[in-house]
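Encoded as structure tokens, the structure appears first; notes follow it.
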Amino acid sequence: MKGQRFLQTAFWADFKSNHGWTDFFFRKSPDGSLERLESYGADVPTDERLTVLVRRVKFFNIAYIPMAPEFKDRNPDEAVQESDAAEYFGTLESLTASLRKYLPPRTLFVRYDVPVDFTDLSLKDDFVRFTSKGKGYRKSRVDIQPPDTVILPLDRTEEEILQDMKSKWRYNIRLAAKKGVEVTRYTGDSPDFDSAFDSFYELFEQTSKRDGVSFHAKSYYRDLLKRNSGSDVKISLYLARHEGESLAGIITLFCPREAVYLYGASGNAKRNLMPAYLLQWTAIRDAKEFGCPTYDFYGCPPTDDENHPMHGLFLFKTGFGGRLIHRPGSYDFSLSALYGLYEAAEKFRAWWFKVAMKKMHGR
8 MKGQRFLQTA
18 FWADFKSNHG
28 WTDFFFRKSP
38 DGSLERLESY
48 GADVPTDERL
58 TVLVRRVKFF
68 NIAYIPMAPE
78 FKDRNPDEAV
88 QESDAAEYFG
98 TLESLTASLR
108 KYLPPRTLFV
118 RYDVPVDFTD
128 LSLKDDFVRF
138 TSKGKGYRKS
148 RVDIQPPDTV
158 ILPLDRTEEE
168 ILQDMKSKWR
178 YNIRLAAKKG
188 VEVTRYTGDS
198 PDFDSAFDSF
208 YELFEQTSKR
218 DGVSFHAKSY
228 YRDLLKRNSG
238 SDVKISLYLA
248 RHEGESLAGI
258 ITLFCPREAV
268 YLYGASGNAK
278 RNLMPAYLLQ
288 WTAIRDAKEF
298 GCPTYDFYGC
308 PPTDDENHPM
318 HGLFLFKTGF
328 GGRLIHRPGS
338 YDFSLSALYG
348 LYEAAEKFRA
358 WWFKVAMKKM
368 HGR
């Protein structure tokens, strides 16, 4: 696969460094040793480059390595051998030990999002079972990146991609266009970006109230969309309108390795016009034209469970014809005896926002 995952790009590191994180760049050796780089190191081979993000939390620090280092090439339809997993986690232990001297004092742990894909949920569960706890590390109670997602391959014609969708999805795309829904793409330097972005954020607020979804401050998304100049990463805002009324919007990221649907919002009016379907199809076509090999819908329930509160999201994203992918999530390598206190606080915070707050609002 060409290029870096978007979470390991200089673009993403620079963006996150403007929102509470400090970025560190390294060149890593096969034995787990690290060489600190003053900058991203564009001349360093992709498989040797590592981005580490560090954040201050009260009196302590946490280190985060998103979707890296890469696991060995393998077929996602197959199981990972325990010996291969042990070798990989041994590399993570060595990396953590090498990284420690570069981190700020009172760093509690290093968290890794492990980039191992499975198409079978049971194979992912087996991987987690025999990697959940080892010397100095454990499976995190909270996953940072979505462990389950839908990835649509784009190495086909538009007609072939459409044909692999559920027939109702093709119908809804045509319906939205026939009924006059118009989709416009904006970047941070578009002449009418400000008004489009304000409309999108109003939809975001409606989505939050309706679905109980938490989101960042308005400045976070605005800053993200303004960061397009001089980068091989392309950030876009897509807005669907009907007769001048904004109905839904999405934010996408395109880079040489992948396209990612990062954020989405929809209003409460004219939902029968199916604007979300035309939005996604427009972004998928643009991602294909940009040269992205895949389109990642970025997060959904792990199974087709009608009782899951986000079952509708599962149906929507899988209906476009992609493959359901399962990842093991986050793993923490402790650097302090106080890690357990942070772990307990993080667990409570996750429960508060995902369970308690929704119950208080009747969801």
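FYI, in our numbering the residues of the sequence shown are 8 to 370. Even for Gly, the Cβ is constructed at its ideal location relative to N, Cα and C. Small disclaimer: the values here were computed from a predicted structure and weren't measured.
A check of alpha carbon separations from G219 across V59, L130, M317, K175 identifies M317 as the nearest. Burial check for L128: the Cβ neighbour count within 10 Å stays below 16, so the residue is exposed. The DSSP-derived three-state label of T29 is strand. Residue range 128 to 138 is occupied by the alpha helix (DSSP H) that includes V135. Judged by DSSP in its simplified three-state form, K79 adopts coil rather than helix or strand. Take M74, set aside five residues on each side of it, and the residues of its chain with a beta-carbon closer than 6 Å to its own are R12, L14, D120, P122, in chain order.
Across the set L60, L41, D38, S36, the C-alpha of L60 shows the shortest separation from the C-alpha of G27. For F67, the three-state secondary structure derived from DSSP is strand. About 5 Å separates the beta carbon of F134 from that of P335, a gap short enough to meet the 8 Å contact definition. Within the segment 88 to 167, the complete alpha helix (DSSP H) segments at least 4 residues long are 89 to 106, 128 to 138, listed from N- to C-terminus. The beta carbon of R43 lies closer than 8 Å to those of F31, F32, F33, Y109 in the same chain, with the five residues before and after it left out. Leaving aside the five residues that flank D171 on each side, the residues in its chain whose CB is nearer than 6 Å to its CB run, in chain order, G328. Y346 sits in a helix when the DSSP states are folded into three classes.
In this structure, G143 places its C-beta atom within 8 Å of the C-beta atom of F340. Annotation for S202: the continuous alpha helix (DSSP H) segment containing it runs 200 to 218.
In the structure shown, the three-state DSSP call for A283 is helix. A direct Cα-to-Cα measurement between L331 and E265 gives close to 16 Å.
In the DSSP secondary-structure assignment, D339 is bridged to R118, R145.
One Cα belongs to C262, the other to T16, and the distance between them is close to 9 Å. For I180, the CB contacts under 7 Å within the same chain, skipping 5 residues up- and downstream, are Y284, L285, W288 in chain order. Bounds of any beta strand (DSSP E) do not take in L14, whose DSSP letter is neither H nor E. Each of S90, L130, G39, R56 was checked against the Cα of P83, and the nearest Cα belongs to L130. If you look at F222, you'll find it isn't in any alpha helix (DSSP H); DSSP assigns it neither H nor E. Ranked by Cα distance from F66, the options P111, L99, A93, A104 are led by P111. Inter-residue distance for Y228 and I291 is about 21 Å (C-alpha atoms, whole angstroms). The DSSP-derived three-state label of E296 is helix. Remark: C-beta atoms of F137 and H333 do not approach each other more closely than 8 Å. For the pair Y193 and S253, the CB atoms are not nearer than the 8 Å cut-off.
For R192, there is no enclosing alpha helix (DSSP H); the enclosing beta strand (DSSP E) covers residues 189 to 193. Put simply, the backbone Cα of G298 is about 17 Å away from that of N235. Apart from the 5 residues on each side of it in sequence, T325 sits with its Cβ closer than 8 Å to the Cβ of V157, C307, D311, L331 in its chain, given in chain order. For R177, the enclosing alpha helix (DSSP H) has its first and last residue at 174 to 185. P300 is a Cβ neighbour of D162, given a cutoff of 8 Å. Per DSSP, K277 lies in no beta strand (DSSP E) and is assigned neither H nor E.
In this structure, DSSP gives F261 an extended state, which the three-state scheme calls strand. Exposure of S226 is indicated by the presence of fewer than 16 other C-beta atoms within 10 angstroms of its C-beta.
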